[in-house]
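Participant: Here the working numbering is used: the first residue of the sequence shown is 7, the next is one more, and so on. For every residue, glycine included, the Cβ atom is placed at its ideal position computed from N, Cα and C.
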Amino acid sequence: MIKKILFFWSVSILSLASQNQLPLANGFLEDIENNEFQYWSHQANEGGDATYSIETDNLVQGSTKALKCEVHSLGANGWHVSSKSEYPFQVLAGQKYTVTFYAKISGADSRQMKLVFQSDVSGSYQGQNIWVTNQWKRYTHTFTVENSSDNNRVRFWYMQSDVTYFLDEVSVSPGERVTFDPDIKFQTIDGFGAGIKRRTEDLYVLNDSFREQIEQYCFNDLEVNMIRFFVYHDLEPENDNDDPYSLDETQLDWTRYDSDPNSWRTRYIGEALQNAFNLSVNGFDHVIGNCNSAPAWLKTNGQHNGGGTLISGGESEFSEFLVAFLNGMESRYGIEVTAISPTNEPDYEVSYESMNTTPSELSSILINLNARLSNSGLDNIKIISPECFRVESQNSSTSATNYINSMFNNSAVENAVDVVGTHTYADANHNANWNALKIASNDKPVWVTESANLNSTDQSMTDAANYIKWMLRGFNEGGMTAYMMHLFYEQADNDGYSSLVAWTPVGEIILPKRYYTFKHFTNLIKKGYSLIQSNTSSDNQIYTGAFISEDNTKIILQVFNEGEEKDFSMDIPLGAISVERILTTNNDSEEFTSLGTQEINYYDRYFITTLPELSLTSFVFNIDESLSNGDFNQINENEFKVRLYPNPSHGRINLIFPKHSNYRVQLFDLKGTKITGVDINDSIEYTLDISSFAKGTYLIKINSLNNFKEVIHKIIKE
Numbered sequence: 007m008i009k010k011i012l013f014f015w016s017v018s019i020l021s022l023a024s025q026n027q028l029p030l031a032n033g034f035l036e037d038i039e040n041n042e043f044q045y046w047s048h049q050a051n052e053g054g055d056a057t058y059s060i061e062t063d064n065l066v067q068g069s070t071k072a073l074k075c076e077v078h079s080l081g082a083n084g085w086h087v088s089s090k091s092e093y094p095f096q097v098l099a100g101q102k103y104t105v106t107f108y109a110k111i112s113g114a115d116s117r118q119m120k121l122v123f124q125s126d127v128s129g130s131y132q133g134q135n136i137w138v139t140n141q142w143k144r145y146t147h148t149f150t151v152e153n154s155s156d157n158n159r160v161r162f163w164y165m166q167s168d169v170t171y172f173l174d175e176v177s178v179s180p181g182e183r184v185t186f187d188p189d190i191k192f193q194t195i196d197g198f199g200a201g202i203k204r205r206t207e208d209l210y211v212l213n214d215s216f217r218e219q220i221e222q223y224c225f226n227d228l229e230v231n232m233i234r235f236f237v238y239h240d241l242e243p244e245n246d247n248d249d250p251y252s253l254d255e256t257q258l259d260w261t262r263y264d265s266d267p268n269s270w271r272t273r274y275i276g277e278a279l280q281n282a283f284n285l286s287v288n289g290f291d292h293v294i295g296n297c298n299s300a301p302a303w304l305k306t307n308g309q310h311n312g313g314g315t316l317i318s319g320g321e322s323e324f325s326e327f328l329v330a331f332l333n334g335m336e337s338r339y340g341i342e343v344t345a346i347s348p349t350n351e352p353d354y355e356v357s358y359e360s361m362n363t364t365p366s367e368l369s370s371i372l373i374n375l376n377a378r379l380s381n382s383g384l385d386n387i388k389i390i391s392p393e394c395f396r397v398e399s400q401n402s403s404t405s406a407t408n409y410i411n412s413m414f415n416n417s418a419v420e421n422a423v424d425v426v427g428t429h430t431y432a433d434a435n436h437n438a439n440w441n442a443l444k445i446a447s448n449d450k451p452v453w454v455t456e457s458a459n460l461n462s463t464d465q466s467m468t469d470a471a472n473y474i475k476w477m478l479r480g481f482n483e484g485g486m487t488a489y490m491m492h493l494f495y496e497q498a499d500n501d502g503y504s505s506l507v508a509w510t511p512v513g514e515i516i517l518p519k520r521y522y523t524f525k526h527f528t529n530l531i532k533k534g535y536s537l538i539q540s541n542t543s544s545d546n547q548i549y550t551g552a553f554i555s556e557d558n559t560k561i562i563l564q565v566f567n568e569g570e571e572k573d574f575s576m577d578i579p580l581g582a583i584s585v586e587r588i589l590t591t592n593n594d595s596e597e598f599t600s601l602g603t604q605e606i607n608y609y610d611r612y613f614i615t616t617l618p619e620l621s622l623t624s625f626v627f628n629i630d631e632s633l634s635n636g637d638f639n640q641i642n643e644n645e646f647k648v649r650l651y652p653n654p655s656h657g658r659i660n661l662i663f664p665k666h667s668n669y670r671v672q673l674f675d676l677k678g679t680k681i682t683g684v685d686i687n688d689s690i691e692y693t694l695d696i697s698s699f700a701k702g703t704y705l706i707k708i709n710s711l712n713n714f715k716e717v718i719h720k721i722i723k724e
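Below is the structure:
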């Protein structure tokens, strides 16, 4: 067997050389001897009748063999047909153990299989009935053991006759286990960011050097791709004329967006946005203009604050105002706004700049705006709505969920809205029904456009926990595709602050733990990544999120432990060649801290790690696609197959031969000069070390010394 690697930051990865220790021997069901799976036995007695064989078609991705059991009769008592692992492993009383496996059936839509966990101790039997479908699916169950034993085994009882069962990738791991499935993909991620609303004037009175440090943290160190800012109500201080389709641009006042230190109304918006763009690592995909209030002359209360809504028939003038903003930002400042939001928290009346618009009134605004954008050649501008104060509510007049449910009764409104926007302020207890918003949104992208624990004086992980749970619950339960914090920056005072970066009046920059935990998302999960299925286990203090890159070469597993320190087993995805662990805790030395990258062997299915108290850990898996898709960079000539990975490689290339036998492995440069060679006796695998060789392309020649077959393949040293 391939030697297991001990992760220096894990509790242990146990070797098969140590008898009775996990992992389960040949749980992947690949080793064959005399046409039987090693370490496995099969029973069909007391009248039970079954045919056991090896399946090589339509397998789990990355597998080459699976166990096939055709059940003809179950026997006298209906439970005499089973498969058992003959590898005895040790268990400790009071500890949990998690069994995972892949299974499917043919000959029916679904049938039962019983998973049994039992030792030689009387009364140790534990069984769990599991319904298996006709598609490969991964199943997981955690047992709590009552008695210690050195002789524990797992068994699978096949519970129905006249059906064929298939079994593969059986794994037993200590403790509870975080599992995930890269093949089950959900929504695609649009990105991460925050707002600069109401704070630019404070930042731009600071000296340039200090301001630039703050902006560096926000827009360079955090690799964000979204930013949100005001559509100021006084851009059009008075109605330019009585024609909503003919704009007198000389009546527009751009003071707020200019950099004029002599005017108290200036907000430096144009300069602030350009500086953000210039510092960006990957660019800004989403630049959002958000309108808290229409101009005072367009509102029922005649002022920009205190609520109110549009005057009757004011939709066309409002659309003209918003289109003027979009065009002016590009023509005056070279800023292409990509999305427009006509309201901000229409369900929450406040004294500051606001507009309280009912779902019916907002529907009229959205239909009109959508038509105006189209007629103005601005079809590329996304409309975000409604940006309510809360995700969901039982009150029909509040929440993004209720607004969307009401507005989407009109198909024209549903067609007008490109992105469903919400805030999270009313979810302080983290019990919002995110799924209700997902259902209401009808497959449209869901963006959290503002999120904060307002006026917080807490800089610790206790505060950061709020943001982590909003993100992970939003992604997993709400179909969320983008998440934005309230503010990038603001000056801290005695009342607290809710920004990512803050500064004190004496010139100290503050980076709270929410900054570092947000970095786990902004720096590791990029636009175009997809959410994949993950299991949060039965521990209600563990939250997980798993994401896969567009090219399937990276998987990011994020695990938030809200409780005390605990050990957990972590899945290793098929094809993973290395994993990096990044950690944030309350410890000042663990902010966004890499604990190193470790190589992973192909047959490892999990590792055990310690999750510190109140911590966020990201596991960054690098995937060799040739391994995860089952191709293994296969060399195939005259049915002589060798698995070869990774290729390209920085240091080692693993060879897995078709069976235990004798082989010769030789390496040549492209001129045909032999560089190294070795004869391998009675082995099924070999690791070739190329770390000392120069970067470039080489030829590897593999001979089977028993049947004289040969293959040659190119490898690349990076």
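1. So, helix, strand or coil for V17, using DSSP?
2. Go ahead and label I708 buried or exposed: buried means 16 or more other beta carbons lie within 10 angstroms of its beta carbon, across all protein chains shown.
3. Note down, one range per segment and in chain order, each alpha helix (DSSP H) of at least 4 residues found wholly within the segment 210-235.
4. Do you know how far the Cα of H656 is from the Cα of S18?
5. Going by beta carbon distance, what residues of the same chain come within less than 6 angstroms of N642, once the five residues before and after it are set aside?
6. How would you write the range of the alpha helix (DSSP H) that V397 sits in, first residue to last?
7. Among I233, G113, V66, which residue has its Cα nearest to the Cα of F107?
8. Starting from T487, follow its DSSP beta bridges and name the residues at the other end.
9. Taking only three categories from DSSP, how would you classify M361?
10. If you pair each beta-carbon of the segment 213-231 with each one of the segment 600-611, do three or more pairs fall below 8 angstroms?
11. Let me know the alpha helix (DSSP H) ranges lying completely inside the segment 390-444, each 4 residues or longer, listed in chain order.
12. Suppose you measure from the CA of S369 to the CA of M413; what does that come to, to the nearest Å?
13. Counting pairs of beta carbons, one from the segment 324-333 and one from the segment 264-280, are three or more of them closer than 8 angstroms?
14. What is the DSSP secondary structure of V176, reduced to helix, strand or coil?
15. Within 10 Å of its beta-carbon, does L622 have 16 or more other beta-carbons around it, so buried, or fewer, so exposed?
16. Relative to the C-alpha of S544, which candidate in G33, E76, F149, Q27 has its C-alpha closest?
17. If you check the beta carbons only, do F625 and L537 fall under 8 angstroms apart?
18. Looking only at its own chain, which residues have a Cβ that is under 6 angstroms from the Cβ of G569, when we skip the five neighbours before and after it?
19. Quick one, are the C-beta atoms of N592 and M467 less than 8 angstroms apart?
20. Determine the direct distance from the alpha carbon of E716 to that of S710, and round the result to whole angstroms.
21. For Y495, write down the residues that DSSP places opposite it in a beta bridge.
22. When you compare each of P250, N288, K444 to S382 by their alpha carbons, which one comes out closest?
23. Output needed for W163: all residues of its chain with C-beta closer than 6 angstroms, excluding positions within five of it in sequence on either side, in chain order.
24. So the candidates are D353, P392, D385, E691; which of them puts its Cα closest to the Cα of S403?
25. Alpha carbon to alpha carbon, what distance is there between G129 and Y431?
26. Ignoring anything shorter than 3 residues or poking outside the segment 440-478, list the beta strand (DSSP E) runs there in chain order.
27. Measure the alpha-carbon distance for D240 versus I220 and round it to whole angstroms.
28. If F172 and K110 are in contact, beta carbons under 8 angstroms, what's the gap, nearest whole angstrom?
29. Candidates Q309, E367, S399, M335: which alpha carbon is nearest S357's?
30. DSSP three-state call for M335: helix, strand or coil?
31. If you check the beta carbons only, do S155 and D115 fall under 8 angstroms apart?
32. Return helix, strand or coil for L12, following the three-state DSSP convention.
33. Using C-beta distances below 8 angstroms, list every residue in its chain close to Q101, excluding the 5 sequence neighbours before and after it, in chain order.
34. Mind the definition here: the segment 552-563 touches the segment 526-537 only if three or more C-beta pairs lie below 8 angstroms; say whether that holds.
35. At what residues does the beta strand (DSSP E) containing G551 begin and finish?
36. With contact counted as at least three CB pairs below 8 angstroms, one residue from each stretch, are the segment 313-320 and the segment 254-269 in contact?
Facilitator: So, from the data block:
1. Any reading at V17 must be qualified, since the residue scores a pLDDT of 35, below 50, and its modelled position is unreliable; the value itself is stated next. Judged by DSSP in its simplified three-state form, V17 adopts coil rather than helix or strand.
2. buried
3. Counting only runs that start and end inside the segment 210-235, the alpha helix (DSSP H) elements of at least 4 residues fall at 214-222.
4. Note that S18 has pLDDT 35, beneath the 50 cutoff, so the model's placement of it is unreliable and the number below is only indicative. Roughly 26 angstroms separates the two Cα atoms.
5. At N642 the pLDDT is 43, less than 50, meaning the model places this residue with poor confidence and gives no usable figure here.
6. Unbroken run through V397: none, as it is neither H nor E.
7. The option with the nearest alpha carbon to F107 is V66.
8. DSSP, once it has assigned bridges, lists no residue as partnering T487.
9. Secondary structure at M361: coil, using DSSP grouped into helix, strand and coil.
10. no
11. With a minimum length of 4 residues, the continuous alpha helix (DSSP H) runs that stay inside the segment 390-444 are 406-413, 417-422.
12. 6 angstroms
13. no
14. strand
15. buried
16. F149
17. By the CB criterion at 8 angstroms, F625 and L537 fall outside the cutoff.
18. Q547
19. yes
20. 6 angstroms
21. Under DSSP, Y495 forms a beta bridge with V507.
22. Of P250, N288, K444, the residue nearest in Cα terms is P250.
23. W85, S88, K120
24. D353
25. 51 angstroms
26. Counting whole runs of 3 or more residues, the segment 440-478 contains the beta strand (DSSP E) stretches 452-456.
27. 29 angstroms
28. Correct: roughly 5 angstroms between the Cβ atoms.
29. Q309
30. Correct three-state label for M335: helix.
31. Taking 8 angstroms as the cut-off, the beta carbon of S155 is found no closer than this to the beta carbon of D115.
32. Summary for L12: the model assigns pLDDT 34, below 50, so the residue's position carries little reliability, and this model does not support an answer.
33. T150, V151, P180, G181
34. Short answer: they touch.
35. Per DSSP, the continuous beta strand (DSSP E) segment holding G551 begins and ends at 548-554.
36. Taking 8 angstroms as the limit for Cβ pairs, the verdict is that the segment 254-269 does not touch the segment 313-320.
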